[in-house]
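J.: Before I ask anything, let me first share the structure, which is written out below as structure tokens.
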Amino acid sequence: MKTKFFIAIITLISTFSLQAQQQKGIIGTSNWMDNWSNFKPANIEYSEATNIIAGTIDKDTKLLKRNVYQIVGIVYVTNNAILSIEPGTVIRGDDKTCGTLVITNGAKIMAEGLETDPIIFTSNKGTTERKPGDWGGIIILGKAPINKLGGIATLPFNLEATLNHYGGTDVDDNSGILKYVRIEYSGRKLSALKELNGLSLAGVGRKTVLSNIQISYSNDDSFECYGGELNMNNLISYRTTDDDFDFTQGAQINISNSIAIRHPFSSDISGSRCFEVDSYDKIENTDMTKKMTKINASNITLVNLEENNQGLVRESAHIGENTFFNLTNSVVSGFSPFILLNGDIGNGDENLSKISLKNVMANNCNGGITSESSSNDAGIKNWYSKPEYAIEFTKIKSSDLFLAPNIKGNTDFRMRQNNLASSQN
Numbered sequence: 035m036k037t038k039f040f041i042a043i044i045t046l047i048s049t050f051s052l053q054a055q056q057q058k059g060i061i062g063t064s065n066w067m068d069n070w071s072n073f074k075p076a077n078i079e080y081s082e083a084t085n086i087i088a089g090t091i092d093k094d095t096k097l098l099k100r101n102v103y104q105i106v107g108i109v110y111v112t113n114n115a116i117l118s119i120e121p122g123t124v125i126r127g128d129d130k131t132c133g134t135l136v137i138t139n140g141a142k143i144m145a146e147g148l149e150t151d152p153i154i155f156t157s158n159k160g161t162t163e164r165k166p167g168d169w170g171g172i173i174i175l176g177k178a179p180i181n182k183l184g185g186i187a188t189l190p191f192n193l194e195a196t197l198n199h200y201g202g203t204d205v206d207d208n209s210g211i212l213k214y215v216r217i218e219y220s221g222r223k224l225s226a227l228k229e230l231n232g233l234s235l236a237g238v239g240r241k242t243v244l245s246n247i248q249i250s251y252s253n254d255d256s257f258e259c260y261g262g263e264l265n266m267n268n269l270i271s272y273r274t275t276d277d278d279f280d281f282t283q284g285a286q287i288n289i290s291n292s293i294a295i296r297h298p299f300s301s302d303i304s305g306s307r308c309f310e311v312d313s314y315d316k317i318e319n320t321d322m323t324k325k326m327t328k329i330n331a332s333n334i335t336l337v338n339l340e341e342n343n344q345g346l347v348r349e350s351a352h353i354g355e356n357t358f359f360n361l362t363n364s365v366v367s368g369f370s371p372f373i374l375l376n377g378d379i380g381n382g383d384e385n386l387s388k389i390s391l392k393n394v395m396a397n398n399c400n401g402g403i404t405s406e407s408s409s410n411d412a413g414i415k416n417w418y419s420k421p422e423y424a425i426e427f428t429k430i431k432s433s434d435l436f437l438a439p440n441i442k443g444n445t446d447f448r449m450r451q452n453n454l455a456s457s458q459n
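For the sequence shown, the numbering used here assigns the number 35 to the initial residue and increments by one for each residue that follows.
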């Protein structure tokens with residue numbers, strides 16, 4: 035009797051586990067975006083700053099909820115110092131001086147908010163004046179590996195030369211915690227070729243905790259990783275101007291249960307994507323003996339709010355050569371085409387085997403997986419038509435596909451159960 039009972043329990047657990055593995059898009063028994071996220075940050079009247087943060091923080095410092103802080107100019111956390119931030123603290127970036135927070139190599143940021151009391155980095159402008167790029171954003175420089183020649187690099191953001199370096203050999207490097215954090219209206223364009231991101235992670239190691247982070251209205255990328263090795267989950271990118279998730283320089287990333295919500299007219303004129311995945315900018319600057327970029331993305335939702343193919347939004351993901359990209363248990367809705375591959379990838383087994391898409395729904399996408407070189411398209415289409423990839427092409431309205439895809443109300447982009455059930459059959 036006991037044996038049968040245990041077998042029944044194990045069978046039940048296995049069934050639930052299998053169902054969880056098969057669910058597409060963001061998952062959760064409840065809507066994990068409730069309480070801490072905000073899709074209408076322009077409506078929030080934040081208090082005026084009571085404290086100014088400027089210059090260098092070279093000793094352990096704590097920011098308190100009872101104060102409102104303003105970042106003036108580029109603020110560096112140095113000398114292995116720890117910057118701790120209480121839940122509910124509001125930090126405003128100064129627009130005139132392009133307020134930017136830089137956690138340098140060896141220092142830490144401990145910004146662990148609560149679901150009911152998130153930490154907020156936002157513009158110092160009033161509700162009617164806020165716009166993408168009001169301030170710089172957050173930059174974290176770590177000691178984890180990158181694949182640039184020499185193993186050490188600098189970011190092109192006009193930072194102090196002696197403090198602007200990242201990379202190394204420590205995959206377990208720990209730059210701290212960002213959890214239940216919102217970053218709003220960041221990503222200042224310094225020049226035509228230099229653009230800050232909402233959150234720049236350069237050579238950041240896997241002991242760094244990155245969870246429940248929403249980046250809204252960035253004027254460049256929301257999240258960009260330059261090398262490093264990270265586990266990231268429950269991320270929200272909303273109305274960024276350029277890419278939602280940008281990975282390069284040999285980044286080794288596991289990203290799960292995360293969402294990019296694109297607005298058709300919040301895009302760079304050169305074209306913007308949810309995923310921009312490359313191993314390098316220039317092969318001549320790359321140590322080809324090092325790891326190439328590898329992204330494992332699971333339970334991802336990528337959605338374009340415009341369903342009539344208007345605006346500047348194009349493909350959901352652009353994949354570069356010599357790059358590994360695994361997308362599983364995910365839903366992609368409203369892009370043109372579904373995914374675009376670099377023209378140098380070709381259509382042979384050696385290259386296409388690096389790019390795996392399994393249990394993925396491509397909904398309302400105008401085109402499938404295509405190449406910048408159209409001569410590769412036939413071979414690519416044949417490769418991804420194999421049964422093991424199980425890419426499902428559908429035409430479902432967002433209101434029927436997701437529980438509550440209206441960002442003006444209680445936003446919930448989990449899939450409706452009837453669509454989930456049909457996709458599993």
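Where is the CB? At the ideal position from N, CA and C, for every residue including glycine.
Inspect the beta-carbon positions of R240 and D280 and report whether they are closer than 9 Å.
T.: The sequence position of residue 240 within the sequence shown is 206, counting from 1. The sequence position of residue 280 within the sequence shown is 246, counting from 1. Result no, Cβ atoms of R240 and D280 do not sit closer than 9 Å.
J.: I need the straight-line Cα distance from D151 to Y214, nearest angstrom please.
T.: Taking the first residue of the sequence shown as position 1, residue 151 is located at position 117. Taking the first residue of the sequence shown as position 1, residue 214 is located at position 180. Each residue's alpha carbon lies about 8 Å from the other.
J.: How many Å lie between I353 and T404 at the Cα?
T.: Working through the sequence shown from its first residue, we reach residue 353 at position 319. Working through the sequence shown from its first residue, we reach residue 404 at position 370. Answer to the nearest angstrom: the Cα atoms are 11 Å apart.
J.: For my contact list, L235 and T138 are in at a C-beta cut-off of 8 Å; report their separation, rounded to the angstrom.
T.: Residue numbering aside, residue 235 sits at position 201 when the sequence shown is read from its first letter. Residue numbering aside, residue 138 sits at position 104 when the sequence shown is read from its first letter. 13 Å between Cβ atoms; not a contact.
J.: How about Y80 and I154: do their beta carbons lie closer than 9 Å?
T.: Taking the sequence shown and counting its residues from 1, one reaches residue 80 at position 46. Taking the sequence shown and counting its residues from 1, one reaches residue 154 at position 120. Judged by their CB atoms, Y80 and I154 are nearer to each other than the 9 Å cut-off.
J.: Let me know the secondary structure DSSP gives G107 once reduced to three states.
T.: Within the sequence shown, numbered from 1, the residue matching residue 107 stands at position 73. In the structure shown, G107 sits in a strand (DSSP, three-state: E or B).
J.: In angstroms, rounded to a whole number, what distance separates the CA positions of Y314 and R100?
T.: What you label residue 314 is simply residue 280 of the sequence shown in a count that begins at 1. What you label residue 100 is simply residue 66 of the sequence shown in a count that begins at 1. Approximately 44 Å, taken between the alpha carbons.
J.: Could you compute how far the alpha carbon of I47 sits from the alpha carbon of S306?
T.: Against the sequence shown, residue 47 aligns to sequence position 13. Against the sequence shown, residue 306 aligns to sequence position 272. With a pLDDT of only 44 at I47, under the threshold of 50, the placement of this residue in the model should not be trusted; the figure read from the coordinates follows. If I take the Cα positions, the gap works out to 41 Å.
J.: With 16 as the cutoff for other CB atoms within 10 Å, does I287 come out buried or exposed?
T.: Numbered from its first residue, the sequence shown carries residue 287 at position 253. By the beta-carbon neighbour count (other beta carbons within 10 angstroms, threshold 16), I287 is buried.
J.: On the premise that D255 lies in contact with G232, defined as a C-beta separation below 8 Å, what is that separation, rounded to the nearest angstrom?
T.: Here the question's residue 232 lines up with position 198 in the sequence shown. Here the question's residue 255 lines up with position 221 in the sequence shown. About 7 Å separates the two Cβ atoms, so the contact holds.
J.: How many Å lie between G443 and A412 at the Cα?
T.: Counting from one through the sequence shown, the residue named residue 443 turns up at place 409. Counting from one through the sequence shown, the residue named residue 412 turns up at place 378. Near 43 Å, if we compare the C-alpha coordinates of A412 and G443.
J.: What does G171 pair with, by DSSP beta-bridge criteria?
T.: By one-based count along the sequence shown, residue 171 stands at place 137. DSSP, once it has assigned bridges, lists T134 as partnering G171.
J.: Taking the alpha carbon of S167 as the point to measure from, which residue in A115, T274, L148, S209 has its own alpha carbon closest?
T.: Taking the sequence shown and counting its residues from 1, one reaches residue 167 at position 133. Checking the sequence, you will find Gly at residue 167 rather than Ser. Of the listed residues, the one whose Cα sits closest to G167 is T274.
J.: Could you check which residue in R216, S407, S364 has the C-alpha nearest to that of L374?
T.: Taking the first residue of the sequence shown as 1, we reach residue 374 at position 340. Checking every option, the nearest Cα to that of L374 belongs to S407.
J.: When you compare the CB positions of N385 and F427, do they come within less than 9 Å of one another, or not?
T.: Taking the first residue of the sequence shown as 1, we reach residue 385 at position 351. Taking the first residue of the sequence shown as 1, we reach residue 427 at position 393. No. Outside cutoff.
J.: Tell me the DSSP secondary structure of S71 in three-state form.
T.: For the purposes of this step, residue 71 is taken as the residue at position 37 of the sequence shown. Of the three classes helix, strand and coil, the one that applies to S71 here is coil, per DSSP.
J.: Are I60 and S419 touching if we call contact CB-CB under 9 Å?
T.: Taking the first residue of the sequence shown as 1, we reach residue 60 at position 26. Taking the first residue of the sequence shown as 1, we reach residue 419 at position 385. Between I60 and S419, the C-beta gap is not smaller than 9 Å, which leaves the two residues out of contact.
J.: Just how far apart, CA to CA, sit K328 and T362?
T.: For the purposes of this step, residue 328 is taken as residue 294 along the sequence shown, with counting starting at 1. For the purposes of this step, residue 362 is taken as residue 328 along the sequence shown, with counting starting at 1. Looking at the two C-alpha atoms, the distance is approximately 14 Å.
J.: With 16 other CB atoms within 10 Å as the buried threshold, where does Q56 fall?
T.: Position 22 of the sequence shown, counted from the start, is the residue given in the question as residue 56. Counting Cβ neighbours within 10 Å, Q56 comes out exposed, since fewer than 16 surround it.
J.: So, under 8 Å CB-CB, G261 and N319 are touching, yes? Tell me the CB distance rounded to an integer number of Å.
T.: Taking the first residue of the sequence shown as position 1, residue 261 is located at position 227. Taking the first residue of the sequence shown as position 1, residue 319 is located at position 285. Not quite, the Cβ-Cβ distance comes to about 13 Å (not below 8 Å), so this is no contact.
J.: With N416 as the anchor, note down where its alpha helix (DSSP H) starts and where it stops.
T.: As a working note, residue 416 is residue 382 in the sequence shown. Per DSSP, N416 belongs to the alpha helix (DSSP H) from 411 to 417.
J.: Helix, strand or coil for Q57, going by three-state DSSP, please let me know.
T.: Here residue 57 refers to the residue found at position 23 when the sequence shown is read from its first residue. In the three-state DSSP reduction, Q57 falls in the coil class, being neither helix nor strand.
J.: First and last residue of the beta strand (DSSP E) that includes D280?
T.: Against the sequence shown, residue 280 aligns to sequence position 246. Element bounds for D280: 279 to 282.
J.: What is the DSSP secondary structure of D151, reduced to helix, strand or coil?
T.: Walking along the sequence shown from the start, residue 151 turns up at place 117. Three-state result, D151: strand.
J.: Give me, in chain order, the residues of the same chain whose beta-carbon lies closer than 6 Å to that of A145; leave out the 5 immediate sequence neighbours on both sides.
T.: Reading the sequence shown from its first residue, position 111 is the one you call residue 145. Excluding its 5 nearest sequence neighbours in each direction, A145 has C-beta neighbours in its own chain below 6 Å: I119, I153, L212, V215, listed in chain order.
J.: Mind checking whether K96 and G140 have CB atoms under 9 Å apart?
T.: Within the sequence shown, numbered from 1, the residue matching residue 96 stands at position 62. Within the sequence shown, numbered from 1, the residue matching residue 140 stands at position 106. No. Outside cutoff.
J.: Which residues in the same chain have their Cβ closer than 6 Å to the Cβ of T84, if we skip the five residues on either side of it in sequence?
T.: In the sequence shown, counting from the first residue as 1, residue 84 sits at position 50. Once the five neighbours on either side are set aside, the close Cβ partners of T84 are N101, V102.
J.: For T323, tell me which candidate among R348, S157, G185 has the shortest Cα-Cα distance.
T.: In the sequence shown, counting from the first residue as 1, residue 323 sits at position 289. Looking at the Cα atoms, G185 is the closest of the given residues.
J.: How about T89 and L135: do their beta carbons lie closer than 9 Å?
T.: The count along the sequence shown starts at 1 and reaches residue 89 at position 55. The count along the sequence shown starts at 1 and reaches residue 135 at position 101. A quick correction: the sequence has Gly, not Thr, at residue 89. Taking 9 Å as the Cβ cut-off, G89 and L135 do not qualify as a contacting pair.
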